[in-house]
Every structure is written in C-alpha cells, then in structure tokens.
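The sequence shown lines up with residues -18 to 255 when you count with the numbering used here.
In what follows, a single structure is set out as structure tokens and then discussed.
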Amino acid sequence: MQSRIEKTLANLKSQNKKALIPYIMAGDPTPSVTVPLLHKLVAHGADVIELGLPFSDPMADGQTIALADERALAGGTSTRQAIEMIKEFRKTNTTTPVLVMGYLNPVEMLGYDKFAALCKDAGIDGVLLVDLPPQEAGDFPKALQADDTNPINQIFLLSPTTTDERTDSVIKNCSGFIYYVSVKGVTGAASLDVDEVNAQIARIKAKTDIPVCVGFGIKDGKSAKALASVADGVIVGSELVKNFAECGTDEQKITQAVDRLLAKMDELRAAIDG
C-alpha cells in the first residue's frame, strides 16, 4: 500500500507539478502556535509538511534552526509532545502528508518500537533521522512499515559529497522520497549551484524511480523555481523559521511573524507553479 507521501508525489507528477515542502520546528516559538500553523501551511500551498523534533545538538542545522530547537525546548516541547501535535492536526486533516525530522538520541531513549508506534498512532507519514545512516538502521525501517494501512516512509539524505556506494545504500533502504542536500554545509547555507544540483539529481535518477526533493539553501521564489525545474519538490526551512527569531512569547509579534512566513509561502508556491 502506498503511503500518503508516495500518493501525493505521484499525483503531483501526473499533473506535471512539483511539491512544496515547508519545514517548521514543533513548539517554536511557543507550543500553541504549531497546530494552527500546520493548517495554515496547507492553506498556503504546502503539499507535504516537515516538522522538526526539538533536539539540543542539531548537527545538520545552521544557527537559525538550532535557535528554534532552543526555543522549542525552553518552551517545554518534547519528542512525545511534538508527535501529539501531529495527532491533533490529524483530527481535521487526514490527507496532507507529514514527516518528522530529528536526531537519533531522543528516538533511542523512547525505543525504536515505541517511537514507531507513536508515529503510527499520530498519523505520521515519514521519518528522517539525520544521524541514522541506512547501514545502521537495522530493523527500524521494518518497524515503520509494519502496518500496511499506514506505512511510514524512512527518508535518507544524499549530498554533493555522497559516494556511489552510499548512494546505492540509500536507494536500497529509502522510501517516499530522497532528500538531496543541495549545498555543502548546514541548513540555511548560502551558496547554491543549480547546475551542480541538476547534475547530481540526474545521477541519482539514473539509478532509481524514487522522487528526489531538494533542501538547504533555498531562500526565495527564484531559487525555489530553479530547483523545482530539476527536482520533484523543494524543501524550505530556515527561510521560514527565521521569522520567529525575535518573537519571544509576544502574541502580536508572533502574529506578525506568522504573516511574514505565510507571505513567503505564497511567494514560493507562485514561483514553483509559475
């Protein structure tokens, strides 16, 4: 049975459209913001949503998202609470795919089986654990795929420096889509070479039919449009998350930040579709 992610990306491909995948951090800037914002992201063009699981040492993330981790943790958002937010979202949205992105330590503290069970119960569609390479995943992918009625995709990263051997390993173990890191560096990095990304995606697509979505370094409609022309979807995180940097718990500032974030979503959606 196809997952929601697989169905969504296949449907977009049949319409010659590309996915817009926004990333936000669960619990940032305050826990009460997240669920309403998930719904607003859908209303402003999100095809799939990536929700960050707060962690104290986010090695793949630049300063913008690392600070979002700190804000979410300071506000009391745990891995369990982040998953509960998706469960709340699912009460009124059963169609938009949601994947969680995080790190291995909190998952190991819960236990793989418990984490997988919580994800299934909440209606989560994909899991990306940055520091869990495919060769060390063990039975975790099987635990995620165990329920045929709600299969959960395990998503892995490829980057400009990935070897052919690792690429083959990711293709063998990945489902849903491959997350291609478009730059050498952390989230929010500056330098983006579209021609190089195009060449790398062509290399990946020569080996697999799994969709390839691109993240890291996408800052505006122009870069989103350029990458959407070569990939199956674009993932935008830091450019959205940065709006919450100075909000604190001030409700007016949070409302203004959400408005800016959604305006950026509109820009990205229009550029990708245009």
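Virtual Cβ for every residue (Gly too), placed ideally from N, Cα, C.
| query | result |
| --- | --- |
| Spatial neighbours of residue 126 within its chain, please: C-beta separation below 7 angstroms, excluding the five flanking residues on both sides. | 132, 133 |
| On the CB-based measure, 16 or more other CB atoms within 10 Å of its CB, does residue 204 come out buried or exposed? | buried |
| Since residue 57 contacts residue 114 with CB under 8 angstroms, what's their CB separation in whole angstroms? | The pair is not a contact, with the Cβ atoms about 31 angstroms apart (cut-off 8 angstroms). |
| Name the residue from 221, 226, 227, 137 whose alpha carbon lies nearest to the alpha carbon of residue 245. | 221 |
| Give a yes or no on whether the C-beta atoms belonging to residue 8 and residue 35 are separated by under 7 angstroms. | yes |
| Can you tell me which of 91, 111, 63, 87 puts its alpha carbon nearest to the alpha carbon of residue 103? | 63 |
| Can you list the alpha helix (DSSP H) stretches of 4 or more residues lying completely in the stretch 28 to 58, in chain order? | 44 to 55 |
| Please determine if the stretch 79 to 95 and the stretch 106 to 123 are in contact, where contact requires at least 3 C-beta pairs separated by less than 8 angstroms. | yes |
| Using 7 angstroms as the threshold, is the C-beta distance between residue 193 and residue 152 below it? | no |
| Could you give the residue range of the beta strand (DSSP E) that holds residue 161? | 159 to 162 |
| Sorted by chain position, which residues of the same chain lie with C-beta nearer than 7 angstroms to residue 18's C-beta, five sequence neighbours on each side aside? | 5, 239 |
| When the Cβ atoms of the stretch 172 to 185 are set against those of the stretch 214 to 231, are three or more pairs found closer than 8 angstroms? | no |
| Around the Cβ of residue 31, are there at least 16 other Cβ atoms within 10 angstroms (buried) or fewer (exposed)? | buried |
| Along the chain, where does the alpha helix (DSSP H) containing residue 246 start, and where does it finish? | 232 to 254 |
| Quick check: the Cα distance between residue 124 and residue 247, rounded to an integer number of angstroms? | 37 angstroms |
| Taking buried to mean at least 16 other C-beta atoms within 10 Å of its own C-beta, is residue 28 buried or exposed? | buried |
| Between residue 135 and residue 161, which are expected to be in contact by the criterion C-beta below 8 angstroms, what is the C-beta distance as a whole number of angstroms? | Between residue 161 and residue 135 the Cβ distance is about 16 angstroms, and since that is not below 8 angstroms, they are no contact. |
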